[in-house]
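Scroll down for the structure; my scribbles are underneath it.
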């Protein structure tokens, strides 16, 4: 059987040292710090005040506008502060700190719905919106928006993304093995909401146990297929996933819905199932804590707002001095300067890398080898984008399609001269957006 894939990409060392480690439940934290900005779009507005007592699953932040997300407390207890706090994605932002009462008492709104299969698509969308569900693959785009395509766009296919192509990360892998039924239930709910009949789950070939488990779960379901994909980065990127499975190409500047597709992460499907069937908002997720810089790497089910330092302590602490701490994947993650930052909805992992693993080399002049061009899955010319970026020729960068760059990092990873191509292209995109805004 042909293993499907896409043009370009790279294959870094996988480092999936936690792939066979079952998910562990992190003990209830003594406090959580819950940012009001955990998603793409406008931050939520606080609906509580200091001194209030809250229950697990209670809404504490209200979505503002169409591209936003509700925020819920992940523990029961007392609100001790609403103020700026270090954020894993950038500068400090408004967050709600809650001291646990140790009871984990759930809010009355968290209740089972035994008639979920009778729900109208619009009722499902409202449940997903109310539950604050966002994409759990890292981008954290509000899921209710994806489930509400414009009336002039016909969606015929849903793809669940189980690739988890970033090195080190294994949280989705474990979910597909341990929460197989719930993920497929979520896929059914998504398909019903969008009224589609074709459903695929894309999984990289290096996860044979997950492929087997998922195929066993969907047996005798005519409209579902598990697709084994080549192990290659960034196989899990939406556009590459669509190309590999359906041979459809999302146009420049376009979205998956332009080719009739909605893509959701397997963890998002699980969250949708939990919300629709059990009334449970998005208050926890599975995270991979890994790298040679941690004593006991693990896959952990963690409450939102848990501080990084609490998870690292649970995993035995540092194994020597870490060279870098990253939230997310090794190629697209965000370096951290403090452990006093909380888990947010888009936290897929925490990487604790040794100085040997980081191995930062000084950039050298470009040798025009074109490896970056060969590896770019978007068919861009990263070397010229880098050259024009260094010279601050932003319009040239725009002409070469800088805004289509997904910042996957293939070009920077493969570059023998160690030129920071992604950073240069990111800067170009920011400058292009800035002068477009002035027009």
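Residue numbers (our numbering): 1 to 439. Glycine included, each C-beta is placed from N, C-alpha and C at the ideal position.
Chain-order list of residues whose beta-carbon lies under 6 Å from that of residue 193 (same chain, five-residue window excluded)
121, 124, 147
Inset, instruction - Could you work out which residue in 353, 253, 348, 46 is closest to residue 406 when comparing CA atoms only? - result: 253
If you draw a straight line from the C-alpha of residue 445 to the C-alpha of residue 6, how long is it?
The displayed coordinates of the chain run from 1 to 439. Any statement about residue 445 would go beyond what the structure contains.
- Any idea if residue 96 is buried or exposed, counting beta-carbon neighbours within 10 angstroms, 16 or more meaning buried? buried
- Within its chain, find whatever has a CB closer than 8 Å to the CB of residue 3; leave out the 5 residues flanking it on each side and keep chain order. 205, 228, 229, 230
**OP:** Give me whichever residues DSSP pairs with residue 318 in a beta bridge.
**Re:** 294
| If you count every other CB in all the chains shown that lies within 10 Å of the CB of residue 259, and 16 or more means buried, which is it? | buried
Q) So, helix, strand or coil for residue 1, using DSSP? A) Low local confidence applies: a pLDDT of 49 at residue 1 is under 50, so the model's placement there is unreliable, and no value is given.
- Under the rule that 16 or more other beta-carbon atoms within 10 Å means buried, what is residue 1, buried or exposed? Note that residue 1 has pLDDT 49, beneath the 50 cutoff, so the model's placement of it is unreliable and the number below is only indicative. Classification of residue 1: exposed, given that the 10 Å Cβ count is below 16.
Quiz item: Taking DSSP as the reference, what is the three-state secondary structure of residue 398?
Solution: helix
- Where does residue 431 sit, in a helix, a strand or coil, going by DSSP? helix
State the DSSP-derived secondary structure class of residue 327, mapped to helix, strand or coil.
strand
task = Please classify residue 524: does DSSP put it in a helix, a strand, or coil?
result = It is not possible to answer for residue 524, since the shown part of the chain is limited to 1 through 439.
Problem set entry | Closest Cα partner of residue 315 within the set 283, 18, 13, 14 | 18
So what does DSSP say about residue 165, is it helix, strand or coil?
coil
Between which two residues does the alpha helix (DSSP H) harbouring residue 175 extend? 171-178
Would you check if the segment 288-300 and the segment 182-191 touch, i.e. whether three or more CB-CB distances between them fall below 8 Å? no
Quick check: what's the CA-CA separation for residue 14 versus residue 217? 27 Å
**Request:** Could you tell me the boundaries of the beta strand (DSSP E) in which residue 224 lies?
**Result:** 224-229
Go through its chain and collect everything with a Cβ distance to residue 250's Cβ below 7 Å, but skip five positions before and after it. 239, 242, 256, 258, 259
Measuring alpha carbon to alpha carbon, tell me which of 56, 133, 154 ends up nearest residue 108. 56
Handout entry: Residue of 35, 179, 102, 110 minimising C-alpha distance to residue 87
Key = 35
With DSSP run on the structure shown, which of helix, strand or coil describes residue 377? coil
Taking C-alpha atoms, which residue in 29, 75, 12 lies nearest to residue 283? 75
For residue 359, does the count of other Cβ atoms within 10 angstroms reach 16, so buried, or fall short, so exposed?
exposed
Exercise. Counting pairs of beta carbons, one from the segment 345-361 and one from the segment 388-395, are three or more of them closer than 8 Å?
Worked result: no
TODO: Rounded to whole angstroms, what's the CA-CA distance from residue 335 to residue 213? Just pull it up for me.
DONE: 34 Å
To the nearest angstrom, how far is the alpha carbon of residue 408 from that of residue 415? 14 Å
Which stretch, first to last residue, makes up the beta strand (DSSP E) that contains residue 59?
-> 59-62
Mark residue 20 as exposed unless 16 or more other C-beta atoms lie within 10 angstroms of its C-beta, in which case mark it buried. exposed
| said: Based on DSSP bridge pairs, tell me the residues matched to residue 35. | reply: 95
If we count Cβ pairs, one from each stretch, closer than 8 Å, do we get three or more for the segment 197-204 versus the segment 276-296?
-> no
- Query: Can you tell which of 389, 66, 40, 25 has the C-alpha that lies nearest to the C-alpha of residue 149?
  - Reply: 66
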